[in-house]
């Protein structure tokens, strides 16, 4: 439960923002715990699938659904960041800023 909560802190913030409650600061509290929570989640998922494969194949649909939910919550912060970067890039391109959305890198030698 803690690992899913740490992975879903971004989802909780989105829900709180949608409810006009603003940023709750959960990422500041749970963010440092995220690597440990992700490792714990991976171990628990591997254990669940090992149990399904070796002892309880009838549980596969439930474990698959929970694995999909866990994956969605785990990668939600990255997905939201990618969507936000895409939105910013399109907005800049629409305003004609940044060479129509292209990134230009300059090397500077000192």
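Numbering (our numbering), first residue to last: 1357 to 1466.
Yeah, the Cβ is synthetic: ideal placement off N, Cα and C, and Gly gets one too.
- Taking all protein chains in view, the Cβ of residue 1429 is crowded by 16 or more other Cβ atoms within 10 Å, so the residue is classified as buried.
- Per the C-alpha coordinates, the member of 1415, 1394 and 1445 positioned closest to residue 1426 is 1394.
- With a cutoff of 7 angstroms on beta-carbon distance, residue 1419 and residue 1404 are scored as near each other.
- Residue range 1416 to 1430 is occupied by the alpha helix (DSSP H) that includes residue 1425.
- The Cβ neighbour count for residue 1410, taken over all protein chains shown within 10 Å, is under 16; the residue is labelled exposed.
- Between the alpha carbons of residue 1452 and residue 1446 lies a distance of about 10 angstroms.
- Between residue 1415 and residue 1408 a beta carbon distance of about 5 angstroms is seen, short of the 8 angstroms cut, so the two are scored as contacting.
- For residue 1391, the enclosing alpha helix (DSSP H) covers residues 1390 to 1410.
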